[in-house]
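Numbering (the UniProt record's numbering), first residue to last: 1 to 74.
To keep things clear, I will list the structure first and then write my remarks on it.
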Amino acid sequence: MRWVMDMFRWIVTIVLRPLEKKGFVHLPKRWVVERTFGWLNWCRRLSKDYERLPETSETFIYIAMIRIMVRRLA
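Structure follows, in structure tokens:
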């Protein structure tokens, strides 16, 4: 956790499930991440890791998110 703050200046928050609750519990921010991963899986190129370089995968993620944002604006 400290390493992430030192290297990237990010604050990492771990969302824990309440101990007194049993069964399914809606966690506040987790659904946003899961939804975004679901959107990215619509792009065939991102469904599996076909690329050799991580930079190429990162570029395709940017392209996919730009495509999603443009569709929402249109």
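Yeah, the Cβ is synthetic: ideal placement off N, Cα and C, and Gly gets one too.
Here Pro18 is actually not in contact with Val12; their C-beta atoms are around 20 angstroms apart, not less than 8 angstroms. In the DSSP annotation of this structure, the continuous segment of the alpha helix (DSSP H) that includes Gly38 starts and ends at Arg30 to Leu40. Within the same chain, and ignoring the five residues on either side of Arg30 in sequence, the residues whose Cβ sits closer than 8 angstroms to its Cβ are Val15. For Val70, the uninterrupted alpha helix (DSSP H) run begins and ends at Pro54 to Leu73, by DSSP. When secondary structure is reduced to three states using DSSP, Trp10 falls in the coil class, being assigned neither helix nor strand.
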